[in-house]
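One structure below.
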Amino acid sequence: MELRKRTPLLFFALLFIQLQVVAQITVTGNVIEEGNNEPLMGAQIVLDNGGGAVTDRNGRFSINLKSGTYSGTVNFLGYEKKEITINTQNPDLGTIALRLGNTTLDEVIVSASPKSFKDEFKGSNFRITPITLKNSNPLSTEEVLKTVPGVNIVGDMGLSNRPNISIRGSWGRRSKKVLLMEDGTPSAPAPYIAPGAYYNPVSDRITAIEVYKGADMLRYGPNNMYGAINYITALPPQKPELRVKLIGGQRNYRTGLISYGGTWNNLGALVEGVYKKFDGFTDNSSVEVLNLNAKVFAKLSDNQSLYFKVSGQSEDNQASLSSQTPFTFDTDPTQNPLDADQFTMRRYGLDIIHKWLPSKKLSFTSKVYASDFERDWWRQTTAKIKASEVKNYVGDAIFNDRYSYLNRRTFGEEDYVIVGRVNNNGRESTTDSRWTYTVSGVKETMDYEWKAFKKAQHLEASFNLHRETFKDRFLVADSSRWARSGRATTDLWYRLWSANGFLRNEFNIGKWGITPILRFEHVDMYRQDLRALAQDPNINSTEEGREPNVYTQFLPGITLDYQTNYGEFYGSIYEGMTAPSKVFGFLVEQNGIVTNPLAGQSINIDPELSWNREIGWRGNAFDNRLDGQLTYFNNTSRNYYAGGRNEVFQELGKINVQGFEVALGVELLNKNQHQLRLVGNLNLMRSKVLAGKLVDKDLFSQVIHSSATQNEYINTVNANRAAYEVYVSDGVGGETLLTDQTIEPSTFQNITKSVIQFGKQGLVDAEAPYTPRSTTNIGLNYDYKKLSLGVSGNFVSSQFTEFHNFSNESADGAIGKLPSYHTFDAFVNYDFSIGDNVHMNAFINGKNITNKIYRASRLNRATSGIFGGGFRQFVFGVNITI
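According to my numbering, the sequence shown is numbered sequentially starting from 785.
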């Protein structure tokens, strides 16, 4: 009876709930950037009644509302707010375009566009989008950069802590000839004096990556000859949120990210921390990284804005410069016996940017930047020992501890092992490379919009004062491989001032665009050998012993483009520069011959220069179902001095690299929330050494040759005897030029030095190191509602590793051609929510899923050997925003 009385009440309650649900109307819309129609991911829709939504990765949003009329705003940090009115009788709001604010800073804006290029950059460039980074969850930035046409990763098994990036044939070790930037500011410890990338931001806090290669490279410096990479970090979110990202994986891989930030009226702020730990792909190669950073973006008024960023990173890493011989690599590529190698670093960085618009057409952007970097790299001294003699050399205790995998194996005559060198006291020793850098600068940029030919024109001018100091100390400790102090054998001090800038104007005439640009560099630097000066009791000041190098360089460029309904055709030519660094910045060049300066001689080495030419297309077709870019490039460098590990041009070299780059995206399916997209990137490249005379300092003093490399060298020299100067020992500590026309096998062991003449009088078909003739990346991505999954493959052809172009491999792995290789990656991720405020993304990624381990590089040649790549790694995790 009681149940019957309650039944009508339950019925009406359910009916009321159903009516309430029916009364809910879904309002939808799409938010884009005005002008280029790029989707804005994370834009906030705020209604006066307190409701709202945030746009997804395609710029779309939906809100469930009761029938009626509502007002509100659409907000996105850095863009002008837009007021909207919603009438539920017309629930589709269509496209809402937000205008980029006049006070917004170009350095920190991130687009969610799926396009592979940035429209604002004149010439070829490539964008790695936020969606790509979200899907791949890369262990390192090198993992995603390898997909960029024209980029070759010279691997050394790390997490990109010290990236080795080559662009269009540049020497890839420590990315020395590539300009690396973070939010538009050079990030190398000392971009002029010591541009080696011993710092790299952790991939977990990167939102997008841009790779620049065209004539607009002259807006950046100093190293603008081959290409630049700009890591873009996250802006404060539009809606205040707490973010936690947790990742785990094989080999004790762990990453934790926590951040909190948001936008309050015209102020955005973000605080972020990343902790990363990994045991590494080989024995004794663990790494631990802590990165902390904070940033504030404030719109001070309608014509002023301020951006402030401070960051710090520390690292403790069992990093080794030594690697493996062919024997140990083929036996077990995970072996690394050098357990006392240790790399520690810390870096602090600061950026302050202020933008002021005295009028709508004129703006001034002022930037102050500074960084402080210090690293210690303790490395065991090593020796190359025949595998059959390792036990006798190191002793039973050391052998059983770190070389027992050699037990019960048979050894050939050319099987070698890299071991810790044992001193007369029976102990292994260590050395320390201790580097300290400080960098600071101020940069002023003016932008002026003017009108001519019934079109808007854009003038840009910039001036930069930049300062660097670098202290290079080398310590030796003979007592133990665990020693962390020793006697100094090197103590060098470098200082540099640079005044640089550029003048650029975009002339727009109908569908044509002409953009001339001129960059200038004035550099004043010196070096002091403090240890040598300390031996002189008669020095009178700290200024004595300074070796100065002062030079000025002007770099012109021009880009021509033409707009069509299917995109943009463009062509450009510019002169690029690589600054003389500590490696070759203090030499003397006379009549093309480079030498160390003698007493009283003035240092006069010029920058390495190149003429870079390209022609291409970028855009979309077939109703935006196909987008991409095609580029042919042809770069010729000159004044080329250092191109490899201990490979230097005694007569400055000239090298040509040309190729064809393709980046295409094809939408195969977009229906009923099913999306299927194919992406393909291809680079075809050919390098040629045109002129120069090269000395390889390691080829006979350090390299342990195999019978194959010995015979290859003899046959190559005998086939073109005029191209080689061969020196042999005179038996009393000196060397003499071998005048015999034919090199005999019996002579090989007495060779001390080999000098190659390139060009018409010598070798005419030699290739530059690490310039594979083809690299290809193909990926297939599928999206349905909140599910995303994909698979990709990377294919790299064979490549030489030194200017002698050895095809065969030496017994120690120092020289030899790298075989072609391929890798495959896959991912799955799913978005879901818990309640209204907790949004989650769960993912799993497989890296190198076939576990096909390959020879990745010979980065340090005679001091190391083979670095491996292709180790399988699975990671999984969750990204939570509240």
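Note that beta-carbon positions come from the ideal geometry of N, C-alpha and C, so glycine has one too. A quick note: this is a predicted structure, and the numbers were derived from the prediction, not measured.
What are the start and end residues of each continuous beta strand (DSSP E) run of 3 or more residues lying completely inside the stretch 1463-1532, in chain order?
-> Whole beta strand (DSSP E) segments, 3+ residues: 1508-1513, 1519-1521.
Let me know if proline 1321 comes out buried or exposed under the rule of 16 or more other beta-carbons within 10 Å of its beta-carbon.
-> On the sequence shown, position 537 is the one that residue 1321 refers to. When all chains shown are included, proline 1321 counts as exposed.
Rounded C-alpha distance that separates arginine 1265 from serine 1069 | For the purposes of this step, residue 1265 is taken as the residue at position 481 of the sequence shown. For the purposes of this step, residue 1069 is taken as the residue at position 285 of the sequence shown. A straight-line Cα-Cα distance of about 16 Å links arginine 1265 and serine 1069.
Do you know offhand how far glutamate 1158's Cα is from arginine 1311's?
-> Translated into positions along the sequence shown, residue 1158 becomes position 374. Translated into positions along the sequence shown, residue 1311 becomes position 527. Roughly 19 Å between the two C-alpha positions.
In or out: asparagine 1456 buried (at least 16 other Cβ within 10 Å) or exposed?
-> Numbered from its first residue, the sequence shown carries residue 1456 at position 672. Classification of asparagine 1456: exposed, given that the 10 Å Cβ count is below 16.
Beta-carbon separation of lysine 1438 and tyrosine 1424 under 8 Å?
-> Translated into positions along the sequence shown, residue 1438 becomes position 654. Translated into positions along the sequence shown, residue 1424 becomes position 640. Yes, these two residues count as a Cβ contact at 8 Å.
Helix, strand or coil at methionine 965 according to DSSP, with G and I counted as helix | Sequence index remark: in the sequence shown, residue 965 carries index 181 (1-based). If DSSP states are grouped into helix, strand and coil, methionine 965 belongs with the strands.
Just tell me which of Phe1655, Val1659, Arg1642 has its CA closest to the CA of serine 1106.
-> Residue numbering aside, residue 1106 sits at position 322 when the sequence shown is read from its first letter. Out of Phe1655, Val1659, Arg1642, Arg1642 has the C-alpha closest to the C-alpha of serine 1106.
Between Asn1184, Lys1029, Leu923, Phe1081, which lies nearest to aspartate 1135 when the distance is taken from Cα to Cα?
-> In the sequence shown, residue 1135 corresponds to position 351, counting from 1. For aspartate 1135, the closest C-alpha among the options Asn1184, Lys1029, Leu923, Phe1081 is that of Phe1081.
Who does alanine 1012 pair with in a DSSP beta bridge?
-> Position 228 of the sequence shown, counted from the first residue, corresponds to residue 1012. Paired residue(s): Leu963, Tyr996.
N-terminal and C-terminal residue of the alpha helix (DSSP H) that asparagine 1176 is part of | Counted from its first residue, the sequence shown places residue 1176 at position 392. Per DSSP, asparagine 1176 belongs to the alpha helix (DSSP H) from 1174-1178.
Could you pull out every unbroken alpha helix (DSSP H) segment of at least 4 residues lying fully inside the stretch 1292-1374, listed in chain order?
-> With a minimum length of 4 residues, the continuous alpha helix (DSSP H) runs that stay inside the stretch 1292-1374 are 1314-1318.
Helix, strand or coil: how does DSSP classify glutamine 1657 here?
-> Residue 1657 sits at position 873 when you count from the first residue of the sequence shown. The three-state reading of DSSP puts glutamine 1657 in strand, counting E and B together.
Short Cβ contact (8 Å threshold) for glycine 1661 with phenylalanine 1627 | If you number the sequence shown from 1, residue 1661 lands on position 877. If you number the sequence shown from 1, residue 1627 lands on position 843. Yes, Cβ-Cβ distance for glycine 1661 and phenylalanine 1627 is below 8 Å.
DSSP state of arginine 1461 mapped onto helix, strand, coil | On the sequence shown, residue 1461 is found 677 positions in, with the first residue counted as 1. Three-state DSSP puts arginine 1461 in a strand.
Continuous beta strand (DSSP E) stretch holding leucine 929: start and end | Counting from one through the sequence shown, the residue named residue 929 turns up at place 145. No beta strand (DSSP E) contains leucine 929, which is instead part of the alpha helix (DSSP H) from 925-929.
Limits of the unbroken alpha helix (DSSP H) element including asparagine 848 = Sequence index remark: in the sequence shown, residue 848 carries index 64 (1-based). Here asparagine 848 belongs to no alpha helix (DSSP H); instead the beta strand (DSSP E) covers 844-850.
Counted within 10 angstroms of its Cβ, other Cβ atoms place proline 1556 as buried (16 or more) or exposed | Indexing the sequence shown from 1 puts residue 1556 at position 772. By the Cβ neighbour-count rule, proline 1556 is buried, with 16 or more other Cβ atoms within 10 Å of its own.
Out of curiosity, what's the CA-to-CA distance linking valine 1479 and aspartate 1216?
-> Here residue 1479 refers to the residue found at position 695 of the sequence shown. Here residue 1216 refers to the residue found at position 432 of the sequence shown. The alpha-carbon atoms of valine 1479 and aspartate 1216 are separated by roughly 27 Å.
If you draw a straight line from the C-alpha of glutamate 966 to the C-alpha of asparagine 984, how long is it?
-> Within the sequence shown, the letter at position 182 stands for residue 966. Within the sequence shown, the letter at position 200 stands for residue 984. If I take the Cα positions, the gap works out to 9 Å.
From alanine 1492 to tyrosine 1187, what does the alpha carbon distance come to, in whole angstroms?
-> Position 708 of the sequence shown, counted from the start, is the residue given in the question as residue 1492. Position 403 of the sequence shown, counted from the start, is the residue given in the question as residue 1187. Across the structure, alanine 1492 and tyrosine 1187 are spaced so that their CA atoms are roughly 27 Å apart.
Note down, in chain order, each residue of its chain lying with its Cβ closer than 8 Å to the Cβ of leucine 917, except the 5 sequence neighbours on either side.
-> As a first step, residue 917 is located in the sequence shown; it is residue number 133 there, counting from the start. Here the set comprises Val928, Ser987, Ile990, Thr991, Ala992, Ile993.
DSSP three-state assignment for serine 1188, whether helix, strand or coil | Taking the sequence shown and counting its residues from 1, the one referred to as residue 1188 is at position 404. For serine 1188, the secondary structure class from DSSP, reduced to helix, strand or coil, is helix.
Roughly how many angstroms separate the alpha carbons of threonine 1607 and serine 900, rounded to a whole number?
-> For this step, residue 1607 is matched to residue 823 along the sequence shown. For this step, residue 900 is matched to residue 116 along the sequence shown. Between threonine 1607 and serine 900, the C-alpha separation is close to 22 Å.
Name the one or two DSSP bridge partners that phenylalanine 1203 has.
-> Against the sequence shown, residue 1203 aligns to sequence position 419. Reading the sequence as shown, one finds valine at residue 1203 and not phenylalanine. According to DSSP, valine 1203 bridges with Ala1167.
Under the assumption that lysine 1366 contacts phenylalanine 1254 (Cβ atoms under 8 Å), give the Cβ distance between them as a whole number of angstroms.
-> Taking the first residue of the sequence shown as position 1, residue 1366 is located at position 582. Taking the first residue of the sequence shown as position 1, residue 1254 is located at position 470. Distance from lysine 1366 to phenylalanine 1254 at the Cβ level is roughly 7 Å; contact confirmed, criterion being Cβ atoms closer than 8 Å.
Does the separation of the CB atoms of phenylalanine 1532 and glutamine 1486 fall below 8 Å?
-> For the purposes of this step, residue 1532 is taken as residue 748 along the sequence shown, with counting starting at 1. For the purposes of this step, residue 1486 is taken as residue 702 along the sequence shown, with counting starting at 1. Cβ distance not < 8 Å, so phenylalanine 1532 and glutamine 1486 don't count as in contact.
Do serine 1530 and phenylalanine 1484 come within 8 Å of each other at the CB atom, strictly closer than that value?
-> Taking the sequence shown and counting its residues from 1, the one referred to as residue 1484 is at position 700. Taking the sequence shown and counting its residues from 1, the one referred to as residue 1530 is at position 746. In this structure, serine 1530 does not lie closer than 8 Å to phenylalanine 1484 by Cβ.
Is the CB-CB distance between valine 1152 and valine 1226 below 8 Å?
-> Sequence index remark: in the sequence shown, residue 1152 carries index 368 (1-based). Sequence index remark: in the sequence shown, residue 1226 carries index 442 (1-based). With respect to the 8 Å criterion, valine 1152 and valine 1226 are classified as neighbours on the basis of their beta carbons.
If you draw a straight line from the alpha carbon of glutamate 1233 to that of asparagine 1248, how long is it in whole angstroms?
-> On the sequence shown, position 449 is the one that residue 1233 refers to. On the sequence shown, position 464 is the one that residue 1248 refers to. Rounded to whole angstroms, the separation of the alpha carbons of asparagine 1248 and glutamate 1233 is 22 Å.
Under 8 Å between the Cβ atoms of lysine 1477 and glutamate 1435?
-> Residue mapping note: residue 1477 aligns to position 693 of the sequence shown, counting from 1. Residue mapping note: residue 1435 aligns to position 651 of the sequence shown, counting from 1. Cβ atoms of lysine 1477 and glutamate 1435: closer than 8 Å.
Below 8 Å on the Cβ atoms is my guess for glycine 939 versus lysine 960; work out the distance and round it to an integer in Å.
-> By one-based count along the sequence shown, residue 939 stands at place 155. By one-based count along the sequence shown, residue 960 stands at place 176. Not a contact, Cβ separation roughly 16 Å.
The stretch 1017-1031 / the stretch 1326-1336 touching (three or more Cβ pairs under 8 Å) = The answer is no - the stretch 1326-1336 does not touch the stretch 1017-1031, with fewer than three Cβ pairs under 8 Å.
Give me the Cα-Cα distance between serine 1213 and lysine 1569, rounded to the nearest whole angstrom.
-> Residue numbering aside, residue 1213 sits at position 429 when the sequence shown is read from its first letter. Residue numbering aside, residue 1569 sits at position 785 when the sequence shown is read from its first letter. Those two C-alpha atoms are separated by around 59 Å.
Could you name the residues that DSSP lists as bridge partners for histidine 1242?
-> In the sequence shown, the residue the question calls residue 1242 occupies position 458. Residue pairing by DSSP places histidine 1242 opposite Glu1233, Glu1290 in a beta bridge.
Serine 1421 - containing beta strand (DSSP E), residue span | Within the sequence shown, numbered from 1, the residue matching residue 1421 stands at position 637. Taken as a continuous stretch (DSSP letters only), the beta strand (DSSP E) holding serine 1421 covers 1410-1428.
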